[in-house]
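S.K.:
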Amino acid sequence: MNIFKFFKRFIKQPENIVVDFRKITSTEDISDINEFIAVDLETTGLSSYEDRILEIGAAHFKDGKIINKFNMFINPKIPISAKITSINGITNEMVKNELCEYEVIKSFYDFVKIPASRGIIFCAHNANFDFGFLEYAFNRSQISLRLKYMDTLQLAKLYIEDIKNYKQSTLEEYFNISNEKSHRALTDAMACGEIFISLIELYRLKRKDGPINYRKKKNIPTDEDLQVCAHILYFLKSRGVDIGTISFFRNSSKYVDIRVNGVNFLRFKIQKKGKYIICDKSRIDFNKYVNEDCTETEGGINYARIFFSNSMLLDRLSAYIFDSYNEGIERWNSILEYGLDDDFEEYLVNSTSIDEAEMNELLLEAKEIDDTVEVKTKEKIKIDQVVLTKKSERIPLNEIENIDDWDRGFDEGFPFYLEGEDERKAGNIKESIKLFDIAREKGYSAPALYRSYAMAYRKIKDYENEILILQEGIERDERHRDSLEGRLNKAIELLYKKQNSKK
1 MNIFKFFKRF
11 IKQPENIVVD
21 FRKITSTEDI
31 SDINEFIAVD
41 LETTGLSSYE
51 DRILEIGAAH
61 FKDGKIINKF
71 NMFINPKIPI
81 SAKITSINGI
91 TNEMVKNELC
101 EYEVIKSFYD
111 FVKIPASRGI
121 IFCAHNANFD
131 FGFLEYAFNR
141 SQISLRLKYM
151 DTLQLAKLYI
161 EDIKNYKQST
171 LEEYFNISNE
181 KSHRALTDAM
191 ACGEIFISLI
201 ELYRLKRKDG
211 PINYRKKKNI
221 PTDEDLQVCA
231 HILYFLKSRG
241 VDIGTISFFR
251 NSSKYVDIRV
261 NGVNFLRFKI
271 QKKGKYIICD
281 KSRIDFNKYV
291 NEDCTETEGG
301 INYARIFFSN
311 SMLLDRLSAY
321 IFDSYNEGIE
331 RWNSILEYGL
341 DDDFEEYLVN
351 STSIDEAEMN
361 ELLLEAKEID
371 DTVEVKTKEK
381 IKIDQVVLTK
391 KSERIPLNEI
401 ENIDDWDRGF
411 DEGFPFYLEG
421 EDERKAGNIK
431 ESIKLFDIAR
441 EKGYSAPALY
451 RSYAMAYRKI
461 KDYENEILIL
471 QEGIERDERH
481 RDSLEGRLNK
491 AIELLYKKQN
501 SKK
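Numbering (UniProt numbering) for the sequence shown: 1 to 503.
(1) Could you check what DSSP says for Lys148 in three-state terms: helix, strand or coil?
(2) Which residue wins for smallest C-alpha separation from Lys181, given the options Ala189, Asn465 and Gly119?
(3) For the alpha helix (DSSP H) containing Ser432, list its first residue and its last residue.
(4) Output the distance between the C-alpha atoms of residue 522 and Asp323, rounded to the nearest integer angstrom.
(5) From the DSSP secondary-structure annotation, give me the bridge partner or partners of His60.
(6) Say whether the region 67 to 87 touches the region 27 to 34, bearing in mind that this needs 3 or more beta-carbon pairs closer than 8 Å, one atom from each stretch.
(7) I'd like to know if the region 241 to 261 and the region 285 to 294 are in contact, where contact means that at least 3 CB-CB pairs between them fall below 8 Å.
(8) What are the uninterrupted segments assigned as beta strand (DSSP E) that are 3 or more residues long and contained completely in the region 292 to 327, given in chain order?
(9) So, with DSSP's three-state summary, where would you put Asp187?
(10) Give every residue of the same chain whose Cβ lies closer than 6 Å to the Cβ of Glu412, excluding the five residues on either side of it in the sequence, and list them in chain order.
(11) Do the region 64 to 71 and the region 41 to 48 make contact, defined as three or more Cβ pairs closer than 8 Å?
(12) Ignore the nearest five residues each way along the sequence and tell me which others in Lys62's own chain have a CB closer than 8 Å to its CB.
(13) Using 10 angstroms around the beta-carbon of Lys498, count the other beta-carbons present and answer buried if the total reaches 16, otherwise exposed.
(14) In chain order, which beta strand (DSSP E) runs of at least 3 residues are fully inside the region 234 to 262?
(15) Could you tell me which uninterrupted alpha helix (DSSP H) segments, each at least 4 residues in length, are contained entirely in the region 80 to 166, listed from first to last along the chain?
(16) Could you please give the first and the last residue of the uninterrupted alpha helix (DSSP H) stretch that includes Tyr174?
(17) Terminal residues of the continuous beta strand (DSSP E) containing Gly274?
(18) I need the straight-line Cα distance from Asn97 to Asn75, nearest angstrom please.
(19) Mind checking who Arg204 pairs with in its DSSP beta bridge?
(20) Smallest Cα separation from Asp225: which of Thr43, Asp462, Thr352 and Ile474?
(21) Leaving out five residues before and five after Leu199 in sequence, what residues of the same chain have Cβ atoms less than 7 Å from its Cβ?
(22) In angstroms with no decimal places, state the Cα-to-Cα distance between Phe307 and Val112.
(23) Buried or exposed: Gly486, going by 16 or more other Cβ atoms within 10 Å of its Cβ?
(24) In the structure shown, what three-state DSSP assignment does Phe265 receive?
(25) Which of helix, strand or coil does DSSP assign to Ile270?
(26) Find out if the Cβ-Cβ distance for the pair Tyr149, Phe133 is shorter than 8 Å.
(27) Answer with buried or exposed for Lys65, where buried requires no fewer than 16 other C-beta atoms within 10 angstroms of its C-beta.
(28) In chain order, what residues of the same chain lie with their CB nearer than 8 Å to the CB of Leu468, ignoring the 5 residues before and after it?
(29) For the region 226 to 243 against the region 295 to 303, are there 3 or more C-beta pairs whose distance is under 8 Å?
(30) Any idea if Lys23 is buried or exposed, counting beta-carbon neighbours within 10 angstroms, 16 or more meaning buried?
(31) Verify whether the separation of the beta carbon atoms of Asn88 and His183 is less than 8 Å.
(32) If I measure Cβ to Cβ from Val18 and keep anything under 7 Å in the same chain, skipping five residues before and after, which residues do I get?
(33) What does Asp20 pair with, by DSSP beta-bridge criteria?
(34) For the alpha helix (DSSP H) that Arg451 lies in, which residues bound it at each end?
(35) So if DSSP puts Phe73 in a beta bridge, which residue, or which two residues, is it bridged to?
(36) Pick helix, strand or coil for Glu194, following the three-state DSSP scheme.
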């Protein structure tokens, strides 16, 4: 979703200034595109509202060849951080004598105004980022421009499966495209254009075999999943819901998301231990059902897995399902109100829909399951069932610097946390813990620090230290309980198993 559209509602524009950058859905027919302009920006940061453009690069392609180029630096009138310089190589010195934003935007307008007026398509990789920045810049400069653009990132996700990720550099390697100066605007724009050409050709090849099915096999619910989907659809239809708006999507972790107009409102999963729907504890008397706490990735301790073994048990959840649907409708209406609906057509394309005939067939085919089937849920292990023999080697809280100054603690400790995260992800666990200790000593106390500590200790199976650090995180700020307690409960469970396996 293009968050720019949200803020754009609150920007006052002169009546004669019209800046309209319209994203074209990635499911459109692109086989006839033979002329386009690829764009790339380098910026001072990630916020299109607060940060500024440093460099604009654009390449005008026609019949597979570049016929024109644009490349200019901008003096952003704000400092360029060392982190940004390390990414794109642009320094404060390089831009101090460059033109201001208005002058460069005016020159860029001269470059694109005729192609844009002819309806020529623009493209970029992660296009909402680039065109969000440009739209703000055109508004500030009070220069009118209408254009249409496509996103090579989303196109690649639709057309390519056998790839490790969808970064521009990965796609360059995939299509054997040379980019000698990565993270510079013009060369990245030129490479993006080559990627777009390759994706257009891939689309043409796929279309030769008939209409393109954008749904990836791994995202199509299984037959057993679809039987559950059919039951849920039946409940919704009985409440007067237009089932044509409902679709289903199976993600890589085998959860099935239920969507209205592309907006998720419910999730379930089928695994060996049983079928369960993820429910918000505040909206359901979960103790009436066979349940267990959700994992951290499922929402943590504020959510419960509600198990069901057959449709009759699922029927008991019909009121919750309908309420969840209504919440989904409210979110969809908000999305429409703020104009943030660009991506949802693509979400629908990647989802599976069931019509009434298919629903009835699935209901008939649903396997009979013995009502006496018991779902074995985990017994929750409590802290007093384990023995903590270790004492924390970290400095006590009363010796921590900046403990009463959160902002200063963040400023001084956060850099060490980031270094620690890099070490943890590289597998250097002991070094990462040392850096987390320094971040803590400096006064950094965000939940992210305690989660990273916990993941580091989990990796080396030091469950006692994991428990101790998570307890500290909760004790320091009770607001962190929701995000840390699920991980704490798991650490207690693992320590219990470890201690009792020796008996």
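For every residue, glycine included, the Cβ atom is placed at its ideal position computed from N, Cα and C. On a predicted model such as this, the values are computed, not experimentally measured, just so you know.
M.R.: Taking the coordinates as given:
(1) Taking the first residue of the sequence shown as 1, we reach residue 148 at position 148. Note: Lys148 maps to strand in three-state DSSP.
(2) Position 181 of the sequence shown, counting from 1, holds the residue named residue 181. Of the candidates Ala189, Asn465 and Gly119, the one whose C-alpha sits nearest the C-alpha of Lys181 is Ala189.
(3) Along the sequence shown, one-based indexing puts residue 432 at 432. Note, Ser432: alpha helix (DSSP H), Ile429 to Glu441.
(4) No information on residue 522 is available, as it lies outside the stretch 1 to 503 that the chain covers here.
(5) The sequence position of residue 60 within the sequence shown is 60, counting from 1. In the DSSP assignment, His60 is bridged to Ile37 and Asn68.
(6) Two segments are said to touch when three or more pairs of C-beta atoms, one from each, lie closer than 8 Å; by this definition the region 67 to 87 does not touch the region 27 to 34.
(7) No, because fewer than three Cβ pairs between the region 241 to 261 and the region 285 to 294 fall closer than 8 Å, the two stretches do not touch.
(8) If one requires a minimum length of 3 residues, the beta strand (DSSP E) runs lying completely within the region 292 to 327 are 303 to 308, in chain order.
(9) The residue labelled residue 187 in the question sits at position 187 within the sequence shown. Inspection of the sequence shows that residue 187 is occupied by Thr rather than by Asp. Helix at Thr187.
(10) Sequence index remark: in the sequence shown, residue 412 carries index 412 (1-based). Taking C-beta separations shorter than 6 Å and ignoring five residues to either side along the sequence, the partners of Glu412 in its chain run Lys442, following chain order.
(11) Too few Cβ pairs lie closer than 8 Å, so no.
(12) In the sequence shown, counting from the first residue as 1, residue 62 sits at position 62. Same-chain partners within the cutoff: Asn34 and Glu35.
(13) Locating residue 498 in the sequence shown gives position 498, where the first residue counts as 1. Result: exposed.
(14) Complete beta strand (DSSP E) runs here, min 3: 246 to 250 and 255 to 260.
(15) If we require 4 residues or more, the alpha helix (DSSP H) runs fully inside the region 80 to 166 come out as 82 to 88, 92 to 95, 101 to 117, 127 to 141 and 152 to 159.
(16) Residue numbering aside, residue 174 sits at position 174 when the sequence shown is read from its first letter. From DSSP, the alpha helix (DSSP H) with Tyr174 extends over Gln168 to Tyr174.
(17) Reading the sequence shown from its first residue, position 274 is the one you call residue 274. For Gly274, the enclosing beta strand (DSSP E) has its first and last residue at Gly274 to Asp280.
(18) Along the sequence shown, one-based indexing puts residue 97 at 97. Along the sequence shown, one-based indexing puts residue 75 at 75. One Cα belongs to Asn97, the other to Asn75, and the distance between them is close to 7 Å.
(19) The residue you call residue 204 lines up with position 204 of the sequence shown. Note: Arg204 is not bridge-paired with any residue in the DSSP secondary-structure output.
(20) Stepping through the sequence shown from its first residue, residue 225 is reached at position 225. Residue nearest to Asp225 within the set Thr43, Asp462, Thr352 and Ile474 is Thr352 (criterion: CA-CA distance).
(21) Within the sequence shown, the letter at position 199 stands for residue 199. Around Leu199, the same chain offers Thr152, Leu155, Ala156 and Tyr159 as residues with beta carbons nearer than 7 Å, after the five sequence neighbours per side are excluded.
(22) Your numbering for residue 307 matches position 307 in the sequence shown. Your numbering for residue 112 matches position 112 in the sequence shown. Taking the straight line joining both Cα atoms gives about 57 Å.
(23) Taking the sequence shown and counting its residues from 1, the one referred to as residue 486 is at position 486. Taking all protein chains shown into account, Gly486 has 16 or more neighbouring C-beta atoms within 10 Å of its C-beta and is therefore buried.
(24) Counting from 1 along the sequence shown, the entry for residue 265 is found at position 265. Strand.
(25) In the sequence shown, residue 270 corresponds to position 270, counting from 1. Strand, per DSSP.
(26) To locate residue 149, count along the sequence shown from 1; it is residue 149. To locate residue 133, count along the sequence shown from 1; it is residue 133. No, the pair does not count as a contact, with Cβ atoms beyond the cut-off.
(27) Counting from 1 along the sequence shown, the entry for residue 65 is found at position 65. With fewer than 16 Cβ atoms within 10 Å of its Cβ, Lys65 is classed as exposed.
(28) Residue 468 sits at position 468 when you count from the first residue of the sequence shown. Excluding five sequence positions before and after Leu468, the CB atoms of its chain that fall closer than 8 Å to its own CB belong to Leu388, Lys390 and Ser392, given in chain order.
(29) Taking 8 Å as the limit for Cβ pairs, the verdict is that the region 295 to 303 does not touch the region 226 to 243.
(30) Stepping through the sequence shown from its first residue, residue 23 is reached at position 23. Buried, because 16 or more other Cβ atoms sit within 10 Å of the Cβ of Lys23.
(31) Looking up residue 88 in the sequence shown gives position 88. Looking up residue 183 in the sequence shown gives position 183. A contact, by the Cβ cut-off of 8 Å.
(32) In the sequence shown, residue 18 corresponds to position 18, counting from 1. Around Val18, the same chain offers Ser144 and Arg146 as residues with beta carbons nearer than 7 Å, after the five sequence neighbours per side are excluded.
(33) For the purposes of this step, residue 20 is taken as the residue at position 20 of the sequence shown. Assignment of beta-bridge partners to Asp20 by DSSP yields Arg146.
(34) Indexing the sequence shown from 1 puts residue 451 at position 451. Counted as a single uninterrupted DSSP element, the alpha helix (DSSP H) harbouring Arg451 occupies residues Pro447 to Lys459.
(35) As a position in the sequence shown, residue 73 is number 73, starting the count at 1. Glu55, per the DSSP bridge assignment.
(36) In the sequence shown, the residue the question calls residue 194 occupies position 194. If DSSP states are grouped into helix, strand and coil, Glu194 belongs with the helices.
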